[in-house]
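Here our numbering = 1-based position in the sequence shown + 242.
All C-beta atoms, glycine included, are put in the ideal place defined by N, C-alpha and C.
What follows is a single structure, written as structure tokens, with notes after it.
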Amino acid sequence: MTTFVGTVASTALITLATTGNPVPLQKELGGEVVSSDLINATAVLDTEEHLAPRALRMEDGSLVAMVAPTITKDNFVVSRDNAVQRIDVGHTEGTHIPFVVRNVADVKDGGASILEQIGHWFQNLFSG
């Protein structure tokens with residue numbers, strides 16, 4: 243499974259984790275933009291969360307998608323062979339160093355405002 247943990251996150255990965263837009267990461271790493279419905283992330287999501295509509299299928303087969311910004315601002319999941327790992331991109335912490343989320347309660351940060359969510363939706367609608 244592709245791992246982003248422990249490395250400095252690129253601007254494209256931060257964009258995916260904060261807006262749900264996989265296109266910049268696709269341009270950086272290659273792969274194909276697909277539906278996030280291909281990922282079964284129920285084990286790593288809070289009951290109030292869901293995945294952004296689009297995901298990136300990377301060249302190694304890993305799927306990467308944002309955890310929708312309901313209770314967190316910068317989380318995403320990586321899935322490969324039905325194994326799912328939730329990762330915080332480290333943007334709100336200011337480090338930009340991704341880390342594995344072991345407990346959702348530890349990363350709750352109020353999420354994005356409704357205006358931010360609408361802005362991200364419009365940005366993603368017209369990108370790629």
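1. Start and end of the alpha helix (DSSP H) containing residue 265?
2. Across which residues does DSSP place residue 317 in a beta bridge pair?
3. Can you have a look at residue 280 and say buried or exposed, based on whether 16 or more other CB atoms are within 10 angstroms of its CB?
4. According to DSSP, what are the bridge partners of residue 308?
5. Would you mind stating whether residue 271 and residue 308 have Cβ atoms separated by less than 8 Å?
6. Look at the Cβ atom of residue 262, then the Cβ atom of residue 300, and state whether they are nearer than 8 Å.
7. Using a threshold of 8 Å, state whether the C-beta atoms of residue 321 and residue 305 are closer than that.
8. Output needed for residue 303: all residues of its chain with C-beta closer than 7 Å, excluding positions within five of it in sequence on either side, in chain order.
With the given structure in hand:
1. 265 to 271
2. 330
3. Using a 10 angstroms sphere on the CB of residue 280, the tally of other CB atoms stays under 16, which defines it as exposed.
4. 318
5. no
6. no
7. yes
8. 322
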